Every structure is written in structure tokens, then in C-alpha cells.
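Encoded as C-alpha cells, the structure appears first; notes follow it.
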Amino acid sequence: MKEVVIIGGGPAGIGAAETLLSLGKNVAIVDTAPFVGGVPLELSCKGDIECTMCHVCMPRDASSRICTSEKLEVLSNSSLKSATLGPETAELEIVTSPRYVNPDKCIACGKCMAVCPVQGALIAPPHGAIPNAPSVDSELCKHFKSRDCDLCIQICPTKAFNFKEKQKAAKIQCKAIILSTGLEPIDPSGVLHYNYGLLPNVLTSLDAERIIVKHGELRRPSDNQKPKKIAIVQCVGSRTTKGGVEYCSKFCCKYGLRIARSFVERAPDAEVDFLYMDLRTFEPRVEALEWAAGKKNVKISQGVPSIVQPTEKDNLLVRRTNPGDVSIEENEYDMVVLSIGGQPRPETKVLAAKLSLEVDSFGFVSNDNRKIGVFVAGSCKSPMDIEESFADGKATGFAVIERLEVNK
Amino acid sequence: MSKKTLVILSDCSSCIGLGESELDNILSLLKQDKNIGAILRMKPVCDRKARKEYKTLDVHGCDRAIIVYWCSMEQIGASITLPKKIHPSLVETLNMSLCSPKGKNERANPERLTRIIKEIAARLSLAEPVKDRQIKFSSSEISVIGSSDQAIKAAKALALHGIKTKLIVPQSLPNVKLENIEIIDGAEINGLSGIPGNFKISYFKKGERKETDAAGILLMSERCLVDVRPPANPRIKFVPLEQFEDHVKSGSRAKGIVFFDDLGSLTSTTDQSIPAWHILLESAKTAVTNKIADSVCVVARDVKASGLLELAWKEAAEAGVKFIRYEDKARPKIEKSGPFVSVKDLVLGESLLIPADIIVAPITSRPWEPSFIEKLFIPSDWNFRVRSRGPQRGLGQSTCDGIFLFGYSAFGKLTDQAYPDLGSVVSQISSFMRQGYHVAKGAVAEINEEKCSACYTCVRTCPYRAATMNASWKAEIVSEKCAGCGSCVAVCPSKAIELKNCTREQIKSQIETSLEVAI
Ligand SMILES: Cc1cc2nc3c(=O)[nH]c(=O)nc-3n(C[C@H](O)[C@H](O)[C@H](O)COP(=O)(O)OP(=O)(O)OC[C@H]3O[C@@H](n4cnc5c(N)ncnc54)[C@H](O)[C@@H]3O)c2cc1C
Ligand code: SF4
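Structure follows, in C-alpha cells:
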């Protein structure tokens, strides 16, 4: 018997879990991903010289605080199959796909990662993930294809691998449920004029972040060189009726500016153009703007590109219109970073239906059902950045306590 | 007595970026050090099961320890329970990313790592154990300071959790009664003293000086009371945004309604006040749909339309609300001659005269006056902004335990963002109160009174506000508040401050500087 089950362990889920655990509640986090931590697990710290308040470390630090708690159960690779809701308790059926690695045995020595012959078959735990053990992708792993590879089983010092693991189903009873399945990054292939996916050096911000996490700096995928001049394009897939969503995703202006900042701080001789539609950074203390004001190699200009074309050496020609004097500008860049927004995950709709919640036309959950102990937290309600989702998670955790203890 | 150090190398080699041979090399170098008694290679500290195993470690006669690990899981490293023989104050944790000059993403540098471990072991061998003290809260109350409606909301939420709550407000609230909440109204706060769990707030009420106890304090933002003055023209009615609903219900009709983004735009005192956009747009829309005015305008300086707000703007515009933006330099004016507001439209570049029998504006909040922050003597930065903890500033913790921040006292935010924040702050207060004691650090700074020249540098520097000046003009450290961060030691021009024992942070920073010089 758990007191609270959290579905989706992003910043919001972790925030809720932290509040609940600090007040002594039994908590389970259910997440479809192999690791709990949400989107920020893939993001890079954007404070190279000083902290730029990108908050990427916030959920990680929180998960490091909670991951050792005995009252926390983490069900990664799991999803909610069905739910029977009641006025006092609910019964959830959770299906857990096999991880093939026993996280209790694994000491994260990394030896298996070094020997695995197939790229992507073993997924390494990102920094700050729970549990801190790799996961096997059975679609890629050679063991499941031809059964002739057992390198990882051989090398593992603690015998943590078990390829006989089967899918498990478990019934969990709980008093409250928090839905926090968050947003998924928008795929910009639908925005045709940016040629994303066709040109190697047109990246989404998420791709760029992954490169920074991997190499510690931004590099061009085509030749693995440091770019000298990049363009950061805002509102990709957001605020559009073609190939995206209609609303403003709210967090991309902030992180776009921060990516620009950390990029030139790492490479002071490089240039960055930040092309936006409207600046929607809100806090009065968004230092990024103040910081950019005095820099020669950072240009912040209104007007997003109308087309991105290839030129020689995989460079990119970007044409855009200045809204002020309606003049057309053409510039060449080494790399174009598309700041993508987020959209509600399709599964959220299904889950919401199971938990008797409603979704609006975009797919955001529009209500909660506190009477029967169903709560909603984080960016599956409306676009939120990490800090907001985390705070919202904390607040929701608190509302759950209110229900469990006060309004019994 | 043994003064040997146990070195625990957490075996996170996948993240360390060190090869087996490099690790072996480090081990053999460390073994030769005379301060190091034993070296253990252990499972990663983030492993839940491994943490328990540390308790039953064979410590080989060592009575102090260094835990070395790679990632930023500092909290775990610090909270490992080692066998009783090793005193907690003599356990240092070392984050190996420190040893790589370029930060987290670089490989560890084995030489640097060995040198740092040796340095710490040498320091540890000289250190004496000091104990952290637990100081029980003497009060069981939380004081909420502030006068916005959020303050009342916060007080109610706290009371709901069975926490005794006091609301201290500057204005008089004769008719307000809240269940289980003591209201001290008309109180002008004069000062704050004491330690977390045991604060004393002094205030003046009707010219009389009074004092009240509190375990913790929730500092709300100040309300912009100065701006709630109705406009000078008697033919224009002023309705606060919060009361607009009542106005709609009353059914009175008007020629023109003008919504302002903030009253600061009229009086020019505040420039950072944040309107409750969602409520404002919703109200403007109802004004049109209920046909209570012929013209409904929103006059705004900045369009803050991030997130789903953008759609609310669109909806309002489609319903028939007119939006006019102005430049900060050319603020709108209330005409003396009649019920009009004149404004220079930023987009059209023309001056417009808008009918306005009714002006609606949110009553906004703003940061506290520096003098007030000074009076309270709570941790603030050089701009007198209350200092909050690291990047988690929005989550309402000041650097001083027991002082919680909310809303503008932490940083500016939209009202709709403030609501979840309120919940998260209240939940933090709730866990703070349940703990019931304050941990006073064993390692604290001490002043050598002979050397002290009363220059106030430490008083101004201490991020925890633990340094004060006593009656005999010598600096004094309130040991219960001091976190042993060493900031004052670093800045004291007379070198009059010493720390009883070194903490992790200091050792790290001291070694860092010494290494930097050496290299
Ligand atoms: C490229 C990019 C860069 C960003 N940079 C920043 C930044 O620098 N600063 C900032 O503040 N914000 C940034 N953001 C925004 C940030 O990622 C989000 O605000 C944040 O992740 C929202 O947290 P969440 O908990 O609501 O949701 P998520 O982080 O999306 O977490 C949701 C969790 O739910 C799980 N889940 C999904 N479906 C199911 C299901 N059916 N069952 C169970 N579990 C499920 C997911 O696996 C995931 O772990 C960025 C976003 C992107 C796309
Ligand atoms: S936050 Fe900025 S980049 Fe993102 S959708 Fe909104 S306006 Fe566009």
C-alpha cells in the first residue's frame, strides 16, 4: 500500500515526491522512461562562468536528496494500465517492462558500456538519474536478435544482468494520485522551410543540448568542428498553425538566451545571432538580456527566418525580414539552432481519461479531481519552465498532504 | 589516539573518466601518505544499498574520513552514515569534478586529485571533532509579515496545517477575523533578533514598543499601498481589479472602462510591478460581453503574453477589447477636463483620447524598501534584495534557516505563477516546523577581540547575518546562526577571525586557491 503514486517523474513529479517524503509519506514514482528525471536529464548546465539560473540542476539536486529515501519506490520503464478510482483509495495496475539490469546489484561501474558492440543498445544513466543503472534496449540488443552476444553478462562484476526478465504487472493501492507527465519536445520537421532533418547543421535546441552534454561544448555534426557563427531561431513549432502548436511555449525564449550566453562564454571569439518573434522572457531579472546588451558578438534581433538553405561546406544561408524597415537580410552561419517548444504528450490524453480528467483542445489537462484524490502537476497543465513545474509539483504535494491529513 | 584518515573512493568509474591503471596509480600514491590510514574503493554513493553498508565498514583504526565521489550528488556524499568511531565533523566529502580544471564535463586529473586528497588528510589530522548542536524551537509559531491578500492566503494555509500563525500587518484591519490566526494589525516592524526557531520580532503599535516570538518568518511582498490612491479627477471612478467582479454584479453602466497594467504607470513610483494578467484579461472580456461599457480598453506598457496567456489576449481581442501600448517615456495621463485618459499609442504613433469613467487596475506588489530589510536584519545582498538559496531562489528559502520568502520578496513574478509558489513555500514551512529543532553548526567563526577594529566588514559580508557588532564595539558572531562558511575570515582586513574547524566548503576553496597558485 502506497499513500501517493506519482505518474511521471519530471521536475514536477520530483518536487511533489520531495514534499511528500519530507513529511513522511510513502511514495511511488511511475515513469515510462528508463530513468526518472524528465526532460532536464538531457539538458546541459548553462552557467559556464556564473550561474544563469537555467534551473537544470534543480530537479537533479532534488532527486539526489530523495533517491536514498526508504519510503520512495521508483518504477521506471512502467506505465499505468488501468485505474479503479474510489472515494478513499484507488487501485492502479502498473505494467513494468523489463530493464534486464538489476539496479540493486548494479554499481554503475560502466564496464558493460565499454564492451557493448551496438550503439544505443545499452542506455547509460544520465547524470542525476534514478536509478543509477543502465537499461537495455531489447530492440537493438544483439542478445535478443541473434542470441550470440553476452559480453555485458560476462564482464559485469556483480552479475546484475538478467536477460530472462519478463514484463511484470502489479496492483498498487494508494490514497492519492498525481499526474505529471509533462511536455514532449516538438519535432520541427513539420516546419518545412527550416529543412530540419535534411541539413546536418540545422539542429533543435535539444540536439544542441545533447551535444553540449556529450562534448562539453557545441560542435557541428557535419565535421565535428566548433561553430564560429550560429543563429538561434525562436518560436519553432510554437505560435504557428503550420507544423506546430498555436500557443507560446513560454520556456524557449529563456533557455534560448541562456544557450546563446553559454555558447559565447565558452567561445568568446564566436558570434551568435538570436532571432526572435517576440521576446517573452518574463522575470525582471533575466540577466541574459542585460548581459547581451553590452556584447558585440551577440545580436538580438526581431524577425525569424523565412528560409534556411545549404551553401558550401555545409554552411547555412538564412534569409529573414527585419520587421522594422521590412528590409531583407541574408546571413551565412555555421549552425542554426531551432528553439523548439513543448506539446502535451499524446499519452497524457489516455491517462487523463483513465483518471477521469479532462483535456483541452491542445491536450493540456484542464481540471483535477481532488475529491477522489487525483491531482495534476507541472507542465501537463500549461507550458511551464523547470522552476515553475518544480514549484507546482511541491505545491501539489502539499495539496495532497492537505487531503490526506487535514480534510480526512 | 589514532589520527589517521580513511579515504573512501567511490567507485563511480563510469562517470569519473579514469581508467583502471590511473586509479591504481592514485591508490599507490595515497598509500604512502602518513596521514592516510586506509583506502577503500566502494560502490557508488548514490547506490541506496551501498549507503547502508558504509555503516558496517571496517575502518582500520581510522577516526576521520574523506569520501571522494564524482557527480554533484553532494547531498548523498555528505549524509553518509559512517561507523560511530568516525566523528561526523571529521568527515570531508570531496567532489572530484573539482580536480578537473575545466569543470564537470572534463576528465578527472589524477595528480590534482591525489594532491587534494593528501592536503585534506593533512588538515584533517590536525582537526579536533566539534559537534553540531540541536537547538529546540522555543516557539511554535510562524509569523507572516506582509499585507497583501496573498499574506492572508498563506496564513490561512498554514493554520490549516495546524501551525500556529500570526499575521503582522502595517495597516489596521479592525473587521477582519480569521480562524486560528492571531492578527497583529497596525504594527510597524522595528527589528528582528534571535536565532532560527527562536526569533523575536519587535514592533510599534500605537507608539508603544512591543515584542512577539516566532519560530520562523514568512516574508511576503509589500503591497503597493502608495499607488492605491484614486485618480485626481472626481469624475473618474477607480476600481481595484480584485473588486471588479463586484462592480460587474452591481450592474452599473459606463461610457468607457480603461484597464491599466499597473498603477505604477500613472504615478511612476514602481516600474516592476506585475499585473495579474489572467484576471485582467478575463475581466476586460466580461466587461465587453456583459456590455457594461461602450468602450473597453487595456492600456499596457508591456505585453506579457507568454504561455497560454497569449491565447487569452487573442480571445479578449476577438471579444472586442481594445489594446493600446505606450512607451515607458510617454506614460498615459488622466485628463483634468473630463473623464478621459490620454495616451500615445506606441504602434500607431498617435495621441489618443480614450473615454474613461472607470479606471481598473491591479493593486500590485513590489520589493521591500531597503530600509525595511535593514531593520529586519535578514540576509540580503548588496542591492538589499533578500538573499535566497542559490538558483532555487523562486522556491522561497532565504539563506537563513527559518526565514521564508514569498512573491516579490524573492523575485518578481506573475500572479498565476505565485499560486503554486505559495504552496511550495507553505510545504517547506510545514517540514521546518515538524523538525522542531535548529541545527547550529559546530564549526563556527570566532572573533579575536583584540585584533578587531570594528570596521563592519564581516557584518556586511556574512550571508547568514551571523556577525553583529556588540556594545563594546567589537564584532561578535552569533554561533547559532553561523554556518562556518568562512566568508568573514576571507574578508576581515585585520585578520581577526578564525574558524574553529574547517568545513568541506572551506577546505575545498582553500585548496583550490593554493593549487591555483602552485600550478
Ligand atoms: C530543448 C529544451 C530545453 C529546455 N531548457 C530549459 C531550461 O534551460 N530551463 C528551464 O527552466 N526549462 C527548460 N526547458 C523546459 C523544461 O524541460 C520543462 O519545463 C520541464 O521539463 C517540465 O517538467 P515536467 O515535470 O512538467 O515534465 P517533464 O520534464 O516532461 O517530465 C515528465 C515525465 O513524465 C514521464 N512520462 C511521460 N509519459 C508518461 C506516462 N504515460 N506514464 C508515466 N510517465 C510518463 C516522462 O518520462 C518524464 O519523465 C527546456 C525544454 C526543452 C524541450
Ligand atoms: S517562449 Fe519565446 S520562443 Fe517560445 S514560443 Fe513563446 S515567444 Fe516563441
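Note that the protein sequences, when read in sequence, are chains A and B.
Residue numbers for the first sequence follow the working numbering, beginning at 29 and rising by one.
Residue numbers for the second sequence follow the working numbering, beginning at 2 and rising by one.
Backbone N, C-alpha and C define an ideal beta-carbon position, used for all residues, glycine too.
Keep in mind it's a predicted model, so treat the numbers as computed, not measured.
* Taking a Cβ distance cut-off of 7 Å, strictly less, list which residues of the stretch 300-314 of chain B are near chain A, in chain order. => Against chain A - using a Cβ distance shorter than 7 Å - the residues of the stretch 300-314 of chain B are Lys305, Ala306, Ser307, Gly308, Leu309, Glu311 and Leu312.
* Can Phe239/B be considered in contact with ligand 1, in the sense that its beta carbon sits closer than 6 Å to one or more heavy atoms? -> As a first step, residue 239/B is located in the second sequence; it is residue number 238 there, counting from the start. Not one heavy atom of ligand 1 sits closer than 6 Å to the Cβ of Phe239/B.
* To do: Would you list the residues sitting across from Ala294/B in a DSSP beta bridge?
  => Mapped onto the second sequence, residue 294/B falls at position 293. Bridge pairing for Ala294/B: Ala255/B [DSSP].
* Per DSSP, cross-strand counterpart(s) of Thr117/A -> Residue numbering aside, residue 117/A sits at position 89 when the first sequence is read from its first letter. For Thr117/A, no pairing in a beta bridge is given by DSSP.
* To do: Quick one: which residues of the stretch 275-288 of chain A get their C-beta closer than 8 Å to a C-beta of chain B? List them in chain order.
  => Flagged, chain order: Tyr275, Cys276, Ser277, Lys278 and Cys281.
* Reduced DSSP category for Met434/B - H, G, I as helix; E, B as strand; rest coil -> Counting from one through the second sequence, the residue named residue 434/B turns up at place 433. DSSP, reduced to helix, strand and coil, places Met434/B within a helical segment of the structure shown.
* Thinking C-alpha only, which one of Cys276/A, Glu357/A and Cys95/A is nearest Asp413/A? -> The residue given as residue 413/A occupies position 385 in the first sequence. Scanning Cys276/A, Glu357/A and Cys95/A for the CA closest to the CA of Asp413/A turns up Cys276/A.
* Asked: If you draw a straight line from the alpha carbon of Val322/B to that of Ser296/B, how long is it in whole angstroms?
  -> Mapped onto the second sequence, residue 322/B falls at position 321. Mapped onto the second sequence, residue 296/B falls at position 295. Going by the C-alpha atoms only, they are around 8 Å apart.
* To do: Note down the Cα distance separating Asp176/A from Val164/A, rounded to an integer number of angstroms.
  => Reading the first sequence from its first residue, position 148 is the one you call residue 176/A. Reading the first sequence from its first residue, position 136 is the one you call residue 164/A. Approximately 16 Å, taken between the alpha carbons.
* Leaving out the 5 sequence neighbours to the left and right, which residues in its chain are closer than 8 Å to Lys327/A when beta-carbon positions are compared? -> The sequence position of residue 327/A within the first sequence is 299, counting from 1. Glu299, Val300, Asp301 and Phe302.
* Tell me, which residues are paired with Ala111/A by DSSP? -> Within the first sequence, numbered from 1, the residue matching residue 111/A stands at position 83. For Ala111/A, DSSP records a beta bridge to Leu120/A.
* To do: Anything in chain A within Cβ reach of Arg435/B, meaning under 9 Å, just list it in chain order.
  => The count along the second sequence starts at 1 and reaches residue 435/B at position 434. Correct list: Ser50, Leu51 and Gly52.
* Quick one: does Val69/B have its CB under 7 Å from some CB of chain A? -> Residue numbering aside, residue 69/B sits at position 68 when the second sequence is read from its first letter. With a threshold of 7 Å between beta carbons, Val69/B makes no contact with chain A.
* **Beta-carbon spacing of Ala40/A, Ser425/B below 7 Å** => Position 12 of the first sequence, counted from the start, is the residue given in the question as residue 40/A. Position 424 of the second sequence, counted from the start, is the residue given in the question as residue 425/B. No, these two residues do not count as a Cβ contact at 7 Å.
* Which residues in chain B sit within 7 Å of Glu430/A, going by Cβ to Cβ distance? -> Locating residue 430/A in the first sequence gives position 402, counting from the first residue. Ordered by position in chain B, the residues that pass the 7 Å Cβ test against Glu430/A are Leu161.
* Asked: Where does Glu193/A sit, in a helix, a strand or coil, going by DSSP?
  -> Position 165 of the first sequence holds residue 193/A. It is coil, neither helix nor strand.
* Asked: Looking at Thr6/B and Ala128/B, is the spacing between their C-beta atoms short of 7 Å?
  -> Translated into the one-based positions of the second sequence, residue 128/B becomes position 127. Translated into the one-based positions of the second sequence, residue 6/B becomes position 5. No, Cβ-Cβ distance for Ala128/B and Thr6/B is not below 7 Å.
* To do: Below 8 Å between beta carbons is the criterion; list the residues of the stretch 345-378 of chain A that meet it against any residue of chain B, in chain order.
  => Hits within the stretch: zero.
* Using a C-beta to C-beta distance shorter than 7 Å, which residues of chain A count as neighbours of Val427/B? -> Along the second sequence, read from residue 1 onward, the residue named residue 427/B stands at position 426. Simply Phe426.
* **Lys250/B, DSSP secondary structure in three states** => The residue you call residue 250/B lines up with position 249 of the second sequence. Looking at Lys250/B - three-state DSSP - the assignment turns out to be helix.
* Asked: Got a sec? Which residues, its chain only, sit under 7 Å from Lys250/B by beta carbon, not counting five neighbours each side?
  -> As a first step, residue 250/B is located in the second sequence; it is residue number 249 there, counting from the start. Around Lys250/B, the same chain offers no residue with a beta carbon nearer than 7 Å, after the five sequence neighbours per side are excluded.
* Is the beta carbon of Ile335/A sitting closer than 7 Å to the one on His221/A? -> Indexing the first sequence from 1 puts residue 335/A at position 307. Indexing the first sequence from 1 puts residue 221/A at position 193. Closer than 7 Å, so yes.
* Asked: Can you tell me where the beta strand (DSSP E) with Val240/B in it begins and where it stops?
  -> Residue mapping note: residue 240/B aligns to position 239 of the second sequence, counting from 1. If you look at Val240/B, you'll find it in the beta strand (DSSP E) that goes Lys238 to Pro241.
* Asked: Going straight from the alpha carbon of Leu525/B to that of Leu193/B, what length do you get?
  -> Nothing about residue 525/B can be read from this structure; chain B reaches only from 2 to 520.
* **chain A contact for Ser432/B (CB, 7 Å cutoff)** => Mapped onto the second sequence, residue 432/B falls at position 431. Yes, Ser432/B counts as interfacial toward chain A.
* Asked: With burial defined as no fewer than 16 other Cβ atoms inside 10 Å of the residue's Cβ, what is the status of Met74/B: buried or exposed?
  -> For the purposes of this step, residue 74/B is taken as the residue at position 73 of the second sequence. For Met74/B, the pLDDT reaches just 44, beneath the cut-off of 50, and the residue's location in the model is therefore unreliable, although a value from the coordinates is still provided. Classification for Met74/B: buried.
* Continuous alpha helix (DSSP H) stretch holding Gly322/A: start and end -> Position 294 of the first sequence holds residue 322/A. Unbroken run through Gly322/A: none, as it is neither H nor E.
* Asked: Should Ala320/B and Leu282/B be called a contact, given that it needs their Cβ atoms to be closer than 7 Å?
  -> Working through the second sequence from its first residue, we reach residue 320/B at position 319. Working through the second sequence from its first residue, we reach residue 282/B at position 281. Taking 7 Å as the Cβ cut-off, Ala320/B and Leu282/B do not qualify as a contacting pair.
* Asked: Name the residues in the stretch 173-196 of chain B whose C-beta lies less than 7 Å from a C-beta of chain A; which are they?
  -> Listed in sequence order: no entries.
* Taking only the alpha-carbon atoms, compute the straight-line gap between Ile293/B and Asn181/B and give it to the nearest angstrom. => Counted from its first residue, the second sequence places residue 293/B at position 292. Counted from its first residue, the second sequence places residue 181/B at position 180. Here the C-alpha atom of Ile293/B lies approximately 40 Å from the C-alpha atom of Asn181/B.
* Asked: Whose C-alpha, out of Gly195/B, Cys456/B, Leu347/B and Ser343/B, is nearest the C-alpha of Glu328/B?
  -> In the second sequence, residue 328/B corresponds to position 327, counting from 1. Ranking Gly195/B, Cys456/B, Leu347/B and Ser343/B by CA distance to the CA of Glu328/B puts Leu347/B first.
* Asked: Any C-beta of chain B sitting closer than 7 Å to the C-beta of Pro154/A?
  -> Here the question's residue 154/A lines up with position 126 in the first sequence. When Cβ-Cβ separations below 7 Å define contact, Pro154/A makes no contact with chain B.
* Asked: By how many angstroms is the C-alpha of Val177/B removed from the C-alpha of Gln244/B?
  -> For the purposes of this step, residue 244/B is identified with residue 243 of the second sequence, where counting begins at 1. For the purposes of this step, residue 177/B is identified with residue 176 of the second sequence, where counting begins at 1. Taking the Cα positions, Gln244/B is about 17 Å away from Val177/B.
* Environment of Val145/B [buried if 16+ CB atoms lie within 10 Å] -> Counted from its first residue, the second sequence places residue 145/B at position 144. When all chains shown are included, Val145/B counts as buried.
* **Close-in-space but distant-in-sequence residues of the same chain around Ile196/B (CB under 6 Å, 5 per side omitted)** => The count along the second sequence starts at 1 and reaches residue 196/B at position 195. Closer than 6 Å at Cβ, skipping near neighbours: Glu481 and Lys482.
* Asked: How would you list, in chain order, the residues of chain B whose beta-carbon sits under 9 Å from the beta-carbon of Pro411/A?
  -> For this step, residue 411/A is matched to residue 383 along the first sequence. For Pro411/A, the chain B residues whose Cβ falls inside 9 Å of its Cβ are Ser307, Gly308 and Leu309, in order along the chain.
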